[in-house]
Structure formats: structure tokens, C-alpha cells
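Visitor:
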Amino acid sequence: MIYSPGRIVDYTQPPPLVEGKSIATLIDESIAVQIDRRPSKKYLAALLVTLTMVLIGAIAVGYTFVYGIGMWGNNVPVGWAFDITNFVFWIGIGHAGTLISAILFLFRQQWRTGIARFAEAMTIFAVICAGLFPIIHLGRPWFAAYIFPYPNQHGIWVNFNSPLIWDVFAVSTYFTVSLIFWYIGLMPDFGTLRERTTNAVKKVVYSILSLGWRFSTRHWQHYEKTYVILAGLATPLVLSVHSVVSFDFAVSVIPGWHTTIFPPYFVAGAIFSGMAMVLAVLIIVRKVFDLEYLITMDHMDKMAKVILATSLMVTYAYLMEPFMAWYSGKSTEWYVVMNRAFGYYAIAFWVMIVCNVFLPQLFWFRKIRRSIPALFIISVLVNVGMWLERYVIIVTSLSRDYLPSSWGVYSPTIFDVGILIGSFGLFFTLILLFSKSLPVISISEIKSIVKGAQPSYRMGEDHE
Amino acid sequence: MNDEKLYGLTALFDSPDKIVLATRAVVKEGYKAFDIYTPYPVHGVDRGMRLKQSRIGLVTLIFGLMGVALALLLTWWTNSVNYPLIIGGKPFWALPAYIPVTFELSVLFGAVFTILGLLVIFFGFPQNVHPLHGTDFMKRVSSDRFGICIEAVDPKFDSKRTADFLQTLGSEKIEPIYYSLLESPGVGTILNRKFLLSLLFVAAVSSGLTYLTLNKLLFLHPWISLAEQIKVLPESRSTFYVDGFAMRQPVQGTVARGHMPYAFVGNMKGAEKFMINPLTPTKQVMELGRRDFNAYCSPCHGYFGDGDSRLQGQFPNPPSLHSDALRQASDGHFFHVITEGFRNVMPSYDQQIPEEERWAIIWYIRALQRAKHAKETDVP
Chain A
1 MIYSPGRIVD
11 YTQPPPLVEG
21 KSIATLIDES
31 IAVQIDRRPS
41 KKYLAALLVT
51 LTMVLIGAIA
61 VGYTFVYGIG
71 MWGNNVPVGW
81 AFDITNFVFW
91 IGIGHAGTLI
101 SAILFLFRQQ
111 WRTGIARFAE
121 AMTIFAVICA
131 GLFPIIHLGR
141 PWFAAYIFPY
151 PNQHGIWVNF
161 NSPLIWDVFA
171 VSTYFTVSLI
181 FWYIGLMPDF
191 GTLRERTTNA
201 VKKVVYSILS
211 LGWRFSTRHW
221 QHYEKTYVIL
231 AGLATPLVLS
241 VHSVVSFDFA
251 VSVIPGWHTT
261 IFPPYFVAGA
271 IFSGMAMVLA
281 VLIIVRKVFD
291 LEYLITMDHM
301 DKMAKVILAT
311 SLMVTYAYLM
321 EPFMAWYSGK
331 STEWYVVMNR
341 AFGYYAIAFW
351 VMIVCNVFLP
361 QLFWFRKIRR
371 SIPALFIISV
381 LVNVGMWLER
391 YVIIVTSLSR
401 DYLPSSWGVY
411 SPTIFDVGIL
421 IGSFGLFFTL
431 ILLFSKSLPV
441 ISISEIKSIV
451 KGAQPSYRMG
461 EDHE
Chain B
465 MNDEKLYGLT
475 ALFDSPDKIV
485 LATRAVVKEG
495 YKAFDIYTPY
505 PVHGVDRGMR
515 LKQSRIGLVT
525 LIFGLMGVAL
535 ALLLTWWTNS
545 VNYPLIIGGK
555 PFWALPAYIP
565 VTFELSVLFG
575 AVFTILGLLV
585 IFFGFPQNVH
595 PLHGTDFMKR
605 VSSDRFGICI
615 EAVDPKFDSK
625 RTADFLQTLG
635 SEKIEPIYYS
645 LLESPGVGTI
655 LNRKFLLSLL
665 FVAAVSSGLT
675 YLTLNKLLFL
685 HPWISLAEQI
695 KVLPESRSTF
705 YVDGFAMRQP
715 VQGTVARGHM
725 PYAFVGNMKG
735 AEKFMINPLT
745 PTKQVMELGR
755 RDFNAYCSPC
765 HGYFGDGDSR
775 LQGQFPNPPS
785 LHSDALRQAS
795 DGHFFHVITE
805 GFRNVMPSYD
815 QQIPEEERWA
825 IIWYIRALQR
835 AKHAKETDVP
């Protein structure tokens with residue numbers, strides 16, 4: 001059954017996950033062709049753009065390291081601004097990847113197969129971008145090692161009571177586990193590439209990376225079990241990571257931060273923005289690499305539904321925040337709510353509300369969920385909204401805390417903006433390099449879900 | 465072919481149904497040393513092979529719990545034993561605050577060791593010298609075919625009979641796999657000259673880079689920005705103040721902390737008349753006086769105040785302390801002389817001997833004077 005919007009759809013059956021071609025060798029070819037083909041002019045042009053962005057970021061970071069954090073707009077009440085906003089934003093982007101690769105795997109959502117590899121890669125790249133920001137914010141990044149508990153000549157230890165230390169543990173564990181999860185998924189594909197390639201250098205590289213994988217069932221059996229275990233470990237991990245990030249705020253006593261709704265609110269927001277980022281990037285990738293029959297409209301539709309669901313959760317949190325501020329009866333809390341909506345940063349707040357609350361409601365309509373331009377525009381705007389959400393939370397609360405004499409406002413400098421541009425450049429550079437050098441879709445997984453890939457119910461007694 | 469040995473017989477099949485049926489047949493026939501190769505996990509094959517449940521979960525459990533134990537030990541030992549520190553009014557052993565770290569470490573250990581266990585212990589990886597690698601069979605099963613390999617080590621294996629048996633299963637291609645004994649990794653390879661040279665090269669480059677980093681790079685700006693501070697170092701000139709000194713003179717009349725200015729500067733008469741020794745001649749005071757007298761006074765005055773200097777004429781000898789005039793002089797006189805010096809010959813000891821110790825010295829001088837002029841009645 002070829003699934004197309006025009007026809008009457010049989011909703012009792014799940015739609016096919018791969019449309020049209022389904023022969024294993026064709027899958028091999030269509031995924032591996034990107035790796036074997038020389039980069040096109042378009043690809044090099046895209047790389048040039050992203051590398052220029054990286055260069056802008058590198059210059060801004062260089063200025064920061066030589067002349068200090070004073071190059072930024074940060075000041076005394078607003079000690080955290082763009083840097084921590086970007087950190088939380090990028091960590092959030094990563095969360096969709098783990099949701100797709102681990103949580104949807106545990107729920108046996110087979111449609112994840114087409115997009116899981118890419119989303120996992122995005123997780124890793126996003127965490128790399130995120131991890132850079134706290135280190136840059138140190139000003140003297142070579143002292144970053146002090147946050148690890150190692151016996152040192154100072155004779156002291158890190159403060160395990162501090163959410164910032166929890167952050168270090170959470171983010172580094174998240175990165176490590178995501179990386180090995182990704183690598184384990186890639187191993188069989190490296191085996192396939194190793195057997196396919198005729199290039200001697202590639203053969204050596206793929207042999208090393210595949211570790212000698214040989215598709216044995218005795219291996220597959222342990223492999224599948226391990227995959228389930230890792231998914232089981234990654235699922236609570238991903239929930240813990242953004243919860244711990246939210247503790248950075250919730251554990252403090254700053255008005256507008258000191259609230260118990262933050263952990264679930266941050267996790268929902270993270271999946272919301274991450275899914276939007278995956279969607280936006282996949283729309284480009286499937287077009288550029290001709291993978292429309294592997295990453296289908298159904299995938300887009302389902303991702304749009306996830307975005308809609310998480311948007312509603314975020315909306316609930318947006319409503320709960322002012323309610324709790326009012327219900328607590330604390331004037332400072334209520335002041336922060338009013339200040340966010342009508343104060344110096346009101347524009348950021350209202351753009352955030354429009355992008356995160358109202359725009360995703362369009363996904364109630366099937367037509368919009370299946371329109372590529374609409375999906376792309378909304379998913380980009382959702383990311384704008386989610387970036388602003390972190391900005392609003394961090395900057396408005398810090399600029400107006402308990403003591404009116406120490407109020408102040410923050411406005412970014414060119415170096416703040418430069419580092420933000422640089423982080424986007426780094427993210428997209430890594431995505432481009434990944435999509436040209438590794439299989440962007442899991443070859444072995446996608447083969448296992450095409451029609452006729454698994455034995456029939458009667459076990460072949462009357463096949464064909 | 466002496467150096468080639470038969471590894472096994474392979475057979476390719478073109479559908480998952482066929483491979484499941486073939487697996488069952490192979491098991492039924494009684495083969496043990498065989499394996500099924502599929503481009504993706506085909507459900508039913510593992511059950512057909514009668515494989516036991518994978519035990520990999522045990523590895524995760526053990527190392528996950530180890531992560532928990534390690535995290536609890538680390539947080540407990542660092543924060544309550546090695547360097548106890550009260551933070552935020554919490555107890556030294558603040559379990560709720562340690563839960564995030566404990567959780568993360570259990571996941572980290574569980575995941576990392578599961579993968580290591582899977583790859584190294586369960587799979588025996590990395591293993592890039594396997595007879596099946598690089599064969600046409602491996603090329604097909606890595607892509608779109610399903611294969612069986614019955615190994616030659618199986619007791620039931622017989623090249624002719626096994627090949628016939630595989631044929632009956634409906635295989636589309638049957639192929640024997642050989643492996644070269646020469647290709648298997650030998651002992652000599654580690655002493656390969658190229659390998660040793662490359663090791664030497666890596667060692668030279670890495671030690672050179674380490675040397676440059678630790679001895680040169682880290683002493684460049686901005687890594688030393690903490691050492692470069694805007695301050696005047698010893699033996700250097702201030703460019704800020706006109707007089708070139710970095711340190712400012714205190715305001716006139718400033719009194720140093722803990723210092724009582726001397727009331728009788730240049731006024732010996734006053735000192736003799738008004739000053740009284742505030743100490744009582746206890747054993748400690750006499751002991752202190754003796755120590756200080758021997759340290760500061762005896763080089764010139766002699767150990768017993770006789771004016772017999774140990775300086776052997778390098779400095780004029782002072783008069784004896786046992787003259788009548790000095791025996792009758794008041795304590796204030798001695799104090800004034802110690803504080804201000806005497807006739808440009810004895811210097812001031814104001815900076816060297818604290819006030820209290822000066823009085824102790826005076827008690828000791830009195831003791832010396834009395835000892836030199838002891839009467840019959842002084843003997844108990």
C-alpha cells in the first residue's frame with residue numbers, strides 16, 4: 001500500500017515506514033551514496049557559511065579569553081545572560097535525540113528508525129555546543145578541570161551540594177552515554193560499509209571502526225539486549241539532565257527561579273525545542289540527500305504531533321508560573337511576573353508566548369502537519385521562542401531581585417552575539433561533516449522494518 | 465595447500481523465512497559449531513538456534529550498583545571525613561544533595577561497562593582477522609542475504625555430507641571458507657621495524673609537545689594573566705608617585721597597633737623619677753630576664769654585668785653594672801638607657817626588646833648586683 005494524503009487512509013493499520021523501494025541493496029546504496037560521492041559545490045558552499053560562523057565565534061571567544069568576560073554585556077546583577085541561556089538552549093536541543101532514540105525505542109515506536117541516527121548525532125553535537133558555554137564563561141577555561149573531584153595539591157574537594165557540580169556530572173554522563181549509544185548503533189553499519197567499499201583507505205578506517213563486526217546471530221542476540229538496556233538507562237538519564245539543569249535555577253532563592261515546577265517544565269521545553277530543531281534540520285537533509293522515501297511525510301507528521309503535545313505542556317507551565325506567584329502571596333514573586341510581561345524585556349516575553357504557545361497550535365490541522373514550508377517556518381520559530389524562554393527566565397529574574405538598589409539591565413554586546421553565532425556555526429558544521437561521512441540513517445535498522453524483512457507468521461511454510 | 469585450512473562451509477539464503485527453516489534443520493541435524501549471519505536481527509533465528517537468554521544485563525546491574533557505591537563513598541569521604549565543611553547549613557553527610565551525582569555515576573558506570581563488557585568479553589572485539597572477513601559471503605550477508613556457516617571444528621562436519629545437507633535446505637550458493645595460517649597474527653609482528661619506528665616517532669612527538677606545552681605555552685599570555693598584576697614588586701620603582709615609593713608614609717602622629725609611645729623621650733630625669741618596674745620578680749620573670757640579658761646585653765656587658773666584653777676590643781667596653789652609682793640608680797634609669805641608648809655608644813634597644821622584657825632584664829640586673837654584693841644575711 002502506497003501511503004499518500006489523497007487516498008482514503010486505513011487507520012486500523014500503521015502506515016508503512018518506508019515508502020516505495022524496499023530492497024536491501026537499494027537501501028545500502030541510497031544511504032552510502034552520500035559518503036561515497038565527492039562533495040558537491042552546494043555542500044562546500046554550505047560548509048563555507050558554517051565555518052565562517054565558527055570563525056566569528058572563535059574571534060569573539062578569543063577576545064573573551066584575552067581581555068576577559070568584561071567584553072560581554074554581563075554586569076553585577078545580571079551575572080548570567082547569553083552564556084547560560086545558550087547552554088540551557090543547546091542542552092535542550094540535545095534532548096529530542098535521546099527521546100527519539102531511547103524513549104520511543106522502549107515504546108516500540110518503529111517510525112523512529114528513519115530519524116533516530118540523525119537525532120542522536122544532533123544530541124551529541126548539541127551537547128558539545130552546550131558544554132562549551134560554561135567553560136567559556138570561566139574566562140580562564142584552562143581551570144575547568146578544577147570542577148572534577150580529583151585529589152589535588154590544594155587539598156580540597158568539589159562541593160557536592162552544589163547544583164553546578166550536579167550539572168557537570170549530568171552533562172558529562174549524558175554526553176558519554178549518548179556517544180556510546182550512537183557508536184553501538186553505528187557499528188553494524190560500519191560493517192556494511194567495510195564490505196561495500198573498494199577504497200583501500202576507507203576499508204582500513206571502516207575495519208577499525210566496525211571492530212570486526214560480522215553480523216553473527218550469536219552477536220545480534222547480545223547486541224539487541226544491550227540496546228534495550230542502554231535505552232533503559234538513557235531514558236531516566238535524559239529526564240535527569242534537564243532536571244539538574246533546572247536545579248541551577250530552582251535551588252537558588254532568586255524570585256522567579258525558586259519554583260518546583262522547573263524540572264518537568266524544563267524537560268518538556270527541552271523536548272519541544274529539540275524536536276523542532278530535528279524537524280527543521282531533517283527537512284533540509286531529506287531534500288538535499290534525496291531521502292524522501294526513507295524520511296517520509298509520516299515522520300514529519302508524527303514529529304509535529306510531539307511538538308504540539310510538548311507545546312501544551314510548556315503552555316501549562318507558563319500558566320502555572322503566574323498562578324503560583326499569585327497564590328504564594330509574595331510581592332517579589334508577583335512583581336517578577338508583571339515585570340516579565342510588561343517590563344524592560346516585555347518584547348522577548350511576548351515573542352516567546354507567540355512562538356511557543358500560539359504557533360504550534362496550528363499543528364492541530366493535518367494540512368499544516370503535512371506542509372513542508374509551514375513545518376519548517378514553525379519549527380524555526382519554536383526554536384526562537386524557546387531560546388527567548390531561557391533568556392527571559394535568566395535575565396529578567398537576575399535584573400530585578402529583592403534589593404531595588406542593585407537592580408540593573410543587561411543588553412548583549414557584539415561578543416555575546418558572536419559567540420552565539422559561533423555555536424550555531426559549530427553545530428551545523430558538525431551536522432554537515434556527519435551527514436557526509438557517516439550513514440545518516442541506520443542501515444541495519446531500516447532494513448529490519450521494510451516489508452518482508454521479518455519471517456512470516458507461518459514461518460515460511462507457504463511463502464511467496 | 466599446506467598453509468590453508470578449511471574454516472567451514474557457508475550457505476546463502478534469500479529470504480528470512482528460509483533462514484529460519486534452515487536454522488531449525490541445522491539444529492535438528494545436531495550441528496553445534498555453526499552460526500547464522502543476517503544483515504539485521506531476524507526474529508525467530510535466535511530461538512531457532514536455541515540460544516540462552518543474554519546475560520549482559522547482569523554486567524549492567526553489577527557496575528551500575530558499583531557506580532552508586534562509588535558515588536556514595538566519594539561524597540561521604542570527601543565531604544565528611546577528608547575535608548568536613550558545613551555548606552548551606554546542611555549536615556556533612558547530606559544524602560539528598562548527593563542523589564543527583566549518585567544517579568549520574570550509576571548510569572555512567574552501568575552504560576560504559578555494559579558496552580565494554582559486550583564488546584570485549586561477549587564479542588571478543590576488536591577482531592579484524594577472522595576467516596569470514598573480506599569473503600564474498602560476508603559481503604552478501606552484510607547487505608541483503610542470510611547465511612549459515614557450519615564450522616569445520618564441529619564433530620559432525622564432513623565437507624561432502626554437510627554440503628549436500630545445505631543443498632537440500634534450498635541454499636542459493638554454497639561456498640567453503642579457507643583461512644591462511646600465515647595470516648594469523650604471529651609473535652614476530654610486534655618487533656616489526658616499521659612498527660617500532662612509528663612507536664619511537666609517536667613517543668618523540670608526544671614528549672616534545674608535552675615539553676613545549678608545560679614549559680613554553682603555559683607561560684604565554686593569557687595563561688599567566690594571574691601572575692601579571694598591576695603592583696610594584698620589591699626593588700622596583702613606582703611610576704605613580706612622584707617620590708618613586710610604592711608605600712606611603714603614615715599620617716603624622718600615627719601610632720602602630722599594640723605600641724605605646726615612650727613618655728620620656730630625651731627626659732632621663734623624668735624617667736628616673738616617675739617610672740616603676742611593673743613586674744614582680746617571679747621565677748618566670750627572672751628566667752625571661754636572664755635569657756634576654758644573655759642574648760642582648762651580655763656581648764658587651766658580660767654575662768655577669770662586669771663590663772667584660774666578648775668583642776675583644778672591637779667596640780669600647782662599657783662600665784661595670786656593679787658601680788655604686790648604678791646600684792643606687794632607679795629602675796627608670798635602666799629602662800631609659802635600654803630604650804634610648806646611652807651617650808652615642810650604647811644604641812637604642814627600643815625596636816628589639818619589648819617593653820615587658822626590658823623590665824624583666826632590669827630585675828635580672830638587680831639580681832646580678834645583689835649577687836656580687838651579697839651579705840652574710842642573704843645566705844639562708
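One line per chain: the protein sequences are A and B, in this order. Counting from 1, position 221 in the first sequence corresponds to residue 221 in the working numbering; the numbering is continuous, with no gaps. Whatever position you read off the second sequence (first residue = 1), add 464 for the working numbering. Beta carbons are placed, not taken as given, at the ideal position from N, Cα and C, and that holds for glycine. Owing to the predicted nature of the structure, the values given are computational and were not obtained by experimental measurement.
At a CB-CB cut-off below 8 Å, which residues of chain A make contact with B/Ser-700?
Guide: Indexing the second sequence from 1 puts residue 700 of chain B at position 236. Ordered by position in chain A, no residue passes the 8 Å Cβ test against B/Ser-700, which lies about 25 Å from the chain.
Visitor: Within 8 Å (strictly less), CB to CB, does B/His-723 reach chain A?
Guide: On the second sequence, residue 723 of chain B is found 259 positions in, with the first residue counted as 1. No, no contact with chain A.
Visitor: Work out the CA separation of A/Ile-295 and A/Phe-252 for me, nearest whole Å.
Guide: For the purposes of this step, residue 252 of chain A is identified with residue 252 of the first sequence, where counting begins at 1. For the purposes of this step, residue 295 of chain A is identified with residue 295 of the first sequence, where counting begins at 1. Looking at the sequence itself, residue 252 of chain A is Ser, so the reference to Phe does not match. Cα-Cα distance, rounded: 43 Å.
Visitor: Who are the neighbours of B/Gln-591 on chain A, taking C-beta pairs under 8 Å?
Guide: Reading the second sequence from its first residue, position 127 is the one you call residue 591 of chain B. Leu-211, Gly-212, listed in chain order.
Visitor: Taking the alpha-carbon positions, what's the A/Gly-114 to A/Ser-423 distance?
Guide: What you label residue 114 of chain A is simply residue 114 of the first sequence in a count that begins at 1. What you label residue 423 of chain A is simply residue 423 of the first sequence in a count that begins at 1. So the two alpha carbons sit approximately 27 Å from each other.
Visitor: Give the straight-line distance between the Cα atoms of A/Leu-312 and A/Val-357, rounded to the nearest whole angstrom.
Guide: Here residue 312 of chain A is taken as the residue at index 312 of the first sequence, counted from 1. Here residue 357 of chain A is taken as the residue at index 357 of the first sequence, counted from 1. Each residue's alpha carbon lies about 7 Å from the other.
Visitor: Since A/Leu-375 is in the beta strand (DSSP E), which residue starts that stretch and which ends it?
Guide: Counted from its first residue, the first sequence places residue 375 of chain A at position 375. No beta strand (DSSP E) contains A/Leu-375, which is instead part of the alpha helix (DSSP H) from 372-391.
Visitor: Which of the three DSSP states is assigned to A/Ser-448 in this structure?
Guide: Here residue 448 of chain A refers to the residue found at position 448 of the first sequence. It is helical.
Visitor: Given a cut-off of 8 Å on the beta-carbon distance, is the pair A/Trp-468 and A/Ile-419 in contact?
Guide: One cannot answer for residue 468 of chain A here, as it falls past the ends of chain A, which runs 1 to 464.
Visitor: Curious, which full-length alpha helix (DSSP H) runs of at least 4 residues does the region 692-774 of chain B contain?
Guide: Listed in chain order, they are 732-738, 747-756, 762-765.
Visitor: Between A/Leu-230 and chain B, is the shortest Cβ-Cβ distance under 8 Å, so that the two count as touching?
Guide: Numbered from 1 along the first sequence, position 230 holds the residue referred to as residue 230 of chain A. Yes, A/Leu-230 lies at the interface with chain B (some Cβ there is under 8 Å from its Cβ).
Visitor: For A/Thr-396 and A/Phe-427, what's the separation of their Cα atoms in angstroms?
Guide: In the first sequence, counting from the first residue as 1, residue 396 of chain A sits at position 396. In the first sequence, counting from the first residue as 1, residue 427 of chain A sits at position 427. Looking at the two C-alpha atoms, the distance is approximately 28 Å.
Visitor: Looking at the structure shown, is B/Phe-498 part of a helix, part of a strand, or coil, going by DSSP?
Guide: Counting from one through the second sequence, the residue named residue 498 of chain B turns up at place 34. Residue state, collapsed to three classes: strand.
Visitor: So which of A/Val-336, A/Ser-442, A/Ile-414 has the shortest CA-CA distance to A/Leu-398?
Guide: Sequence index remark: in the first sequence, residue 398 of chain A carries index 398 (1-based). Here the closest residue by C-alpha is A/Val-336.
Visitor: In whole angstroms, what separates the C-alpha of B/Leu-596 from that of A/Ile-180?
Guide: One-based indexing of the second sequence puts residue 596 of chain B at position 132. One-based indexing of the first sequence puts residue 180 of chain A at position 180. Cα-Cα distance, rounded: 26 Å.
Visitor: Can you check whether the CB of A/Leu-106 is closer than 8 Å to the CB of A/Thr-310?
Guide: Counting from one through the first sequence, the residue named residue 310 of chain A turns up at place 310. Counting from one through the first sequence, the residue named residue 106 of chain A turns up at place 106. For A/Thr-310 and A/Leu-106, no; Cβs fall outside 8 Å.
Visitor: Please confirm whether A/Thr-173 and B/Glu-568 have their CB atoms less than 8 Å apart.
Guide: By 1-based counting over the first sequence, the position of residue 173 of chain A is 173. By 1-based counting over the second sequence, the position of residue 568 of chain B is 104. Against a cut-off of 8 Å, the Cβ pair of B/Glu-568 and A/Thr-173 comes out as a contact.
Visitor: Helix or strand or just coil, what does DSSP make of B/Lys-637?
Guide: Position 173 of the second sequence, counted from the start, is the residue given in the question as residue 637 of chain B. Strand at B/Lys-637.
Visitor: How big is the Cα-Cα spacing for B/Pro-590 and B/Val-523?
Guide: On the second sequence, residue 590 of chain B is found 126 positions in, with the first residue counted as 1. On the second sequence, residue 523 of chain B is found 59 positions in, with the first residue counted as 1. Near 19 Å, if we compare the C-alpha coordinates of B/Val-523 and B/Pro-590.
Visitor: Name, going along the chain, the residues of the region 564-576 of chain B whose beta-carbon falls closer than 8 Å to a beta-carbon of chain A.
Guide: The region 564-576 of chain B vs chain A, Cβ under 8 Å: Pro-564, Val-565, Phe-567, Glu-568, Leu-569, Val-571, Leu-572, Gly-574, Ala-575, Val-576.
Visitor: Applying the 10 Å Cβ sphere with the 16-neighbour rule, what's the burial state of B/Arg-712?
Guide: Numbered from 1 along the second sequence, position 248 holds the residue referred to as residue 712 of chain B. With fewer than 16 Cβ atoms within 10 Å of its Cβ, B/Arg-712 is classed as exposed.
Visitor: For A/Ser-331, return the contacting residues in chain B, with the cut-off set at a CB-CB distance below 9 Å.
Guide: Within the first sequence, the letter at position 331 stands for residue 331 of chain A. Those within 9 Å of A/Ser-331 in chain B number zero; the least Cβ separation is about 25 Å.
Visitor: Where do the ends of the alpha helix (DSSP H) carrying B/Leu-678 lie?
Guide: On the second sequence, residue 678 of chain B is found 214 positions in, with the first residue counted as 1. Run containing B/Leu-678: 657-679, per the alpha helix (DSSP H) assignment.
Visitor: Just curious, the alpha helix (DSSP H) that B/Ala-789 is in, first and last residue?
Guide: Here residue 789 of chain B is taken as the residue at index 325 of the second sequence, counted from 1. Counting along the chain, the alpha helix (DSSP H) containing B/Ala-789 begins and ends at 788-792.
Visitor: Strictly under 8 Å for the Cβ-Cβ distance: is B/Val-715 near chain A by that measure?
Guide: Reading the second sequence from its first residue, position 251 is the one you call residue 715 of chain B. No, B/Val-715 does not count as interfacial toward chain A.
Visitor: Give me the chain B residues within the contact set of A/Ile-156, using Cβ-Cβ distance strictly less than 8 Å, ordered along the chain.
Guide: Numbered from 1 along the first sequence, position 156 holds the residue referred to as residue 156 of chain A. In chain order: Tyr-547.
Visitor: Taking just the CA atoms, how far does A/Thr-85 sit from A/Gly-70?
Guide: On the first sequence, position 70 is the one that residue 70 of chain A refers to. On the first sequence, position 85 is the one that residue 85 of chain A refers to. Cα to Cα, the separation comes out at about 18 Å.
Visitor: Of all the CB atoms in chain B, is at least one closer than 8 Å to the CB of A/Asn-199?
Guide: Within the first sequence, residue 199 of chain A is the residue found at index 199, counting from 1. So no, A/Asn-199 is outside the interface.
Visitor: Put B/Ala-838 into one of helix, strand or coil per three-state DSSP.
Guide: As a position in the second sequence, residue 838 of chain B is number 374, starting the count at 1. In the structure shown, B/Ala-838 sits in coil (DSSP, three-state: anything other than H, G, I, E or B).
Visitor: Using a C-beta to C-beta distance shorter than 8 Å, which residues of chain B count as neighbours of A/Ala-170?
Guide: Position 170 of the first sequence, counted from the start, is the residue given in the question as residue 170 of chain A. The answer, in chain order, is Pro-564, Glu-568.
Visitor: Listing by chain order, which chain A residues have their CB less than 8 Å from the CB of B/Val-491?
Guide: Translated into the one-based positions of the second sequence, residue 491 of chain B becomes position 27. In chain order: nothing, as chain A lies at least about 12 Å away.
Visitor: Determine the chain A residues that contact B/Pro-555 at a beta-carbon separation under 8 Å, and present them in chain order.
Guide: In the second sequence, the residue the question calls residue 555 of chain B occupies position 91. Simply none; closest approach about 10 Å.
Visitor: Which bits of chain A does B/Val-605 rub up against, with CB to CB less than 7 Å?
Guide: Mapped onto the second sequence, residue 605 of chain B falls at position 141. Near B/Val-605 (Cβ distances below 7 Å), the residues of chain A are Phe-215.
Visitor: Between B/Gly-611 and A/Ala-24, what straight-line distance do the alpha-carbon atoms span, to the nearest angstrom?
Guide: By 1-based counting over the second sequence, the position of residue 611 of chain B is 147. By 1-based counting over the first sequence, the position of residue 24 of chain A is 24. Roughly 15 Å separates the two Cα atoms.
Visitor: Cutting at 7 Å between CB atoms, please list the residues of its own chain near A/Ile-446, excluding the five before and the five after it.
Guide: Here residue 446 of chain A corresponds to residue number 446 of the first sequence, with the count starting at 1. Closer than 7 Å at Cβ, skipping near neighbours: Val-18, Ile-27, Thr-113, Gly-114, Leu-294.
Visitor: So, does the CB of B/His-765 fall closer than 8 Å to a CB anywhere in chain D?
Guide: The structure shown has no chain D; the protein chains it does contain are A and B.
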